[in-house]
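The structure under discussion appears below in the form of structure tokens.
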Amino acid sequence: MIVAAATAALLATAPVPVQARGQGAVAAVDTAIAACERWLLEPASWNGNIASFGRAQGLRSQATVPSVALPPPAMRVSLHHWRVPLGEGGVYVTTSDRLPVCHLSGGGPFDMQPAIVALRRAPDFARRWRRTGGGREGGMVSERFVSTVDPQLSMTLSHAVAAGGRTDRVQFLATASYQIRK
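So the sequence shown is residues -20 to -1, 1 to 162, counted in mature numbering (1 follows the signal peptide of the UniProt record, and there is no 0).
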């Protein structure tokens, strides 16, 4: 019941005009991933003025996000939230200014799986990220990537295996983290 209410809150956002759904969803997810890359690789871009970081990345400030959109509990330290609007849905971007993590979650009233697959196949994504592994479980695929800019930055991206799935739940998750060397 709590998860259903949180998922409803994730999907209950004011409509915002976007391009054609497929292109808009690809752009929204790419904007969110690029914001994570910048947050983790360029801390000077937000250090001292976190609010301006979101505006510079094309993100909308978000006071809170539904619990289903939050990172795993161990990563919930000193969080900041933004949103990339997409029609009646969007992509939540959650970062920490204490831990080197950035978490994304997205959904909406239309199927985002084709957009995630299209983004994964885009030449720009391949220039920025190299796939290192992955697997399938229960209708979901999770893939692991490492940044081509800095191998200390990695990301796990999870989404539905096939198009046509339910749209009344979170449709994809991504968690990027930077491994600090000692």
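All C-beta atoms in this analysis are idealised placements derived from N, C-alpha and C, irrespective of residue type, glycine included. Keep in mind that this is a model prediction, so the values were computed, not measured.
*Which residue comes first and which comes last in the alpha helix (DSSP H) that contains V97?*
Counting along the chain, the alpha helix (DSSP H) containing V97 begins and ends at 93 to 101.
_Inter-residue Cα distance where the pair is S32 and G113_ = S32 and G113 have their alpha carbons spaced roughly 35 angstroms apart.
*Quick one: using the 10 Å Cβ neighbour count with 16 as the cut-off for buried, is residue 217 buried or exposed?*
Residue 217 cannot be examined here, being either before or after the span of the chain that is shown, -20 to 162.
_D10, buried or exposed, once every other Cβ within 10 Å from all chains shown has been counted against 16_ = With a 10 Å radius around the Cβ and a threshold of 16 neighbouring Cβ atoms, D10 comes out buried.
*Name the DSSP beta bridge partners of R40, please?*
Answer by DSSP bridge pairing, in chain order: R63.
*Under 7 angstroms, do L66 and G4 count as touching if we go by C-beta distance?*
Yes; because the gap between Cβ atoms is below 7 angstroms, this pair is in contact.
*In terms of residue numbering, what span does the beta strand (DSSP E) encompassing W109 cover?*
109 to 117 is the extent of the beta strand (DSSP E) around W109.
_Counted within 10 angstroms of its Cβ, other Cβ atoms place E123 as buried (16 or more) or exposed_ = By the neighbour-count criterion, in which a residue is buried when 16 or more other Cβ atoms sit within 10 angstroms of its Cβ, E123 is buried.
_Looking at the secondary structure, which residues open and close the beta strand (DSSP E) in which F90 lies?_
From DSSP, F90 is part of no beta strand (DSSP E); its letter is neither H nor E.
_Through-space distance from L50 to D91, alpha-carbon basis_ = D91 and L50 have their C-alpha atoms some 21 angstroms from each other.
*Which of the three DSSP states, helix, strand or coil, is assigned to G34?*
If DSSP states are grouped into helix, strand and coil, G34 belongs with the helices.
*Would you call P80 buried or exposed, if buried means 16 or more other Cβ atoms sit within 10 Å of its Cβ?*
By the C-beta density criterion, P80 is buried, having at least 16 other C-beta atoms within 10 angstroms.
*asked:* Tell me the DSSP secondary structure of E68 in three-state form.
replied: DSSP places E68 in coil when its eight states are reduced to three.
*Count the other CB atoms within 10 Å of the CB of T44; is the residue buried (16 or more) or exposed (fewer)?*
It counts as exposed.
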